[in-house]
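>
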Amino acid sequence: MKAQLESLGKKVASFFFPPESNQWLSFLRIGLGFQVVIYTWSCRTDWLELFSTNGQGFVNRVLTEKILSMQSPLVPRLGWLVWIGNHLGVNEALILWLVWGCLFVAGCGLLVGFFSRSAAIVAWFLHLSAIKSEEFLSYGMDNFTTIGLFYLMLSPLPDRFSLDARIWKVCPRDPQMLGFFRRILQLHVCFIYFFGGITKCTGSEWWDGTSIWRVMTSPPYNLVSPDVLIWWRHLLPVVGICICVLETGYPFFIWSRRTRLPWLMCIIGMHLTIGLTMGLYLFSLVMITLNIAAFWPSLRWWPVAEVRAAGATCHA
């Protein structure tokens, strides 16, 4: 019995702590940095309209934060920063622009890997605060960006390709810890696709193509002409079924070396198609970033053996 428990413990440890290089972490950092930069830059003209108490929208920040405070009083929100600024004599507009500037700078820091840990923490906190302060206007892209930033914030930064590593000559992190954080990200991505696929499978709209038709004919996602959709209407049920199969089968086929690459390419192709045909570019970008960082099989430009050798040299 003792030998069996020890064998089981070794298998669990080898699964959760596989030795990894940090190329996946480099890709995650750069992809999320690019995501945050594009997000903040695209919101620059509507930033005050979205988050100011004087915004003209029916659903404004104050209403959203009132509802949020009743549901989850400890969730970060921009109202906290505005309240602190008001007590320091700083007006709301300036505080909101400072938040925008800090989020943009944090995204740039992630992009080049400068003060990577601090940039990840700031980006996660401010992005989470922003989407929670306008939760009724946020969608899956915002949530997945926050998830990615959360993992990046906790991961063993800086990575080899960051500016931090080049300036301060930081030693490579423990390969087992790098493997642990990547493994948790992999499991999380599997849960996301599996339950998303199961949800789609339970409704008939995905089996007959109604969901795809409804989304692609509704503004602002109606980039494809209705005439084209009518011409290809018989393919919509096939596309819907393929999406259900891809997402539900994701955790079953992504782990095998034989099926990982084709399944991953199909998922990436699906998100590229969503971005190009519906204009959901940021959603596609963050999902492709998470998928490649989690499962791309060739992210080993820096072999694990070299990681161990460099680590041993640093600690010698």
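Quick note, my numbering runs 6 ahead of the 1-based positions in the sequence shown.
For every residue, glycine included, the Cβ atom is placed at its ideal position computed from N, Cα and C.
1) Quick one: which unbroken alpha helix (DSSP H) runs of 4-plus residues sit fully inside the stretch 191-236? Chain order, please.
2) Between which residues of its own chain and L163 is the CB-CB distance below 6 Å, once the five residues before and five after are set aside?
3) Three or more beta-carbon pairs under 8 Å between the stretch 269-281 and the stretch 289-299, yes or no?
4) Measure the C-alpha to C-alpha separation of L14 and E141 and round it to an integer number of angstroms.
5) Considering Cα atoms alone, identify which of L74, V18, G202 and G113 is closest to M159.
6) If you run the structure through DSSP and keep just helix, strand and coil, what is I260?
7) Report the three-state DSSP secondary structure of C250 (helix, strand or coil).
8) Check whether the stretch 167-181 and the stretch 24-36 are in contact - that is, three or more C-beta pairs closer than 8 Å.
9) Suppose you measure from the CA of R67 to the CA of M76; what does that come to, to the nearest Å?
10) Using 8 Å for Cβ pairs, my map puts S1 next to L102. What's the rounded Cβ distance?
11) How many angstroms separate the CA atom of N97 from the CA atom of Q41?
12) What alpha helix (DSSP H) runs, 4 residues minimum, are completely inside the stretch 117-143?
13) Apart from the five residues just before and just after M147, which ones in its own chain have a Cβ nearer than 8 Å to its Cβ?
14) When you compare only the Cα positions, how much space is there between S210 and T283?
15) For F186, count neighbouring C-beta atoms within 10 Å of its own C-beta (all shown protein chains included) and say buried if the count is 16 or more, exposed if not.
16) What do you reckon, are the CB atoms on C196 and P257 nearer than 9 Å?
17) Sort L104, V245, N60 and T223 by Cα distance to D214 and report the nearest one.
18) Using the C-alpha atoms, what's the distance from F200 back to H194?
19) Can you check whether the CB of F150 is closer than 9 Å to the CB of P82?
20) Measure how close the beta-carbons of L235 and M222 come, nearest whole angstrom, since I'm counting them as under 8 Å.
21) Just verifying my parser: in three-state terms, what is the DSSP assignment at G91?
22) I'd like the span of the alpha helix (DSSP H) that includes E55, first residue to last.
23) Starting from M293, follow the alpha helix (DSSP H) in both directions and report where the run begins and ends.
24) Leaving aside the five residues before and after Q192 along the sequence, list all residues of the same chain whose C-beta is less than 6 Å from its C-beta, in chain order.
25) I need the boundaries of the alpha helix (DSSP H) containing E26, first residue and last residue.
26) Suppose contacts are defined by Cβ-Cβ distances below 9 Å. Is C250 in contact with G203 by that definition?
27) Under 9 Å, do L155 and A136 count as touching if we go by C-beta distance?
28) Can you tell which of W219, W53 and L34 has the C-alpha that lies nearest to the C-alpha of L184?
From the atom records:
1) Here the runs fully enclosed are 216-222.
2) For L163, where only same-chain residues beyond five positions count, the Cβ hits under 6 Å are S122 and R123.
3) The stretch 269-281, when compared against the stretch 289-299, does touch it at the 8 Å Cβ threshold.
4) In this structure, the straight-line span from the alpha carbon of L14 to that of E141 is close to 44 Å.
5) Closest option to M159, judged by alpha-carbon separation, among L74, V18, G202 and G113: G113.
6) Per DSSP, reduced to three states, the secondary structure at I260 is coil, with no helix or strand assignment.
7) Helix.
8) Verdict: yes, contact present.
9) Each residue's Cα considered, the two are about 14 Å apart.
10) Residue coverage of the chain in this structure runs from 7 to 322, which leaves residue 1 outside it and unanswerable.
11) So the alpha carbons of these two residues sit roughly 29 Å apart.
12) Entirely contained in the stretch 117-143, the alpha helix (DSSP H) runs reaching 4 residues are, in chain order, 122-139.
13) Around M147: L286, L288, F289 and V292.
14) Here the alpha carbon of S210 sits roughly 23 Å from the alpha carbon of T283.
15) When all chains shown are included, F186 counts as buried.
16) Cβ atoms of C196 and P257: closer than 9 Å.
17) When C-alpha distances from D214 are compared across L104, V245, N60 and T223, the shortest belongs to V245.
18) If I take the Cα positions, the gap works out to 10 Å.
19) No, these two residues do not count as a Cβ contact at 9 Å.
20) Cβ atoms of L235 and M222 come within 8 Å of each other, at about 6 Å.
21) In the structure shown, G91 sits in a helix (DSSP, three-state: H, G or I).
22) Here the alpha helix (DSSP H) through E55 covers W53 to F57.
23) Residues Y287 to F301.
24) The residues are A300.
25) Annotation: E26 is outside any alpha helix (DSSP H) and is labelled neither H nor E by DSSP.
26) Yes.
27) No; because the gap between Cβ atoms is not below 9 Å, this pair is not in contact.
28) If we check each option's Cα against that of L184, L34 comes out closest.
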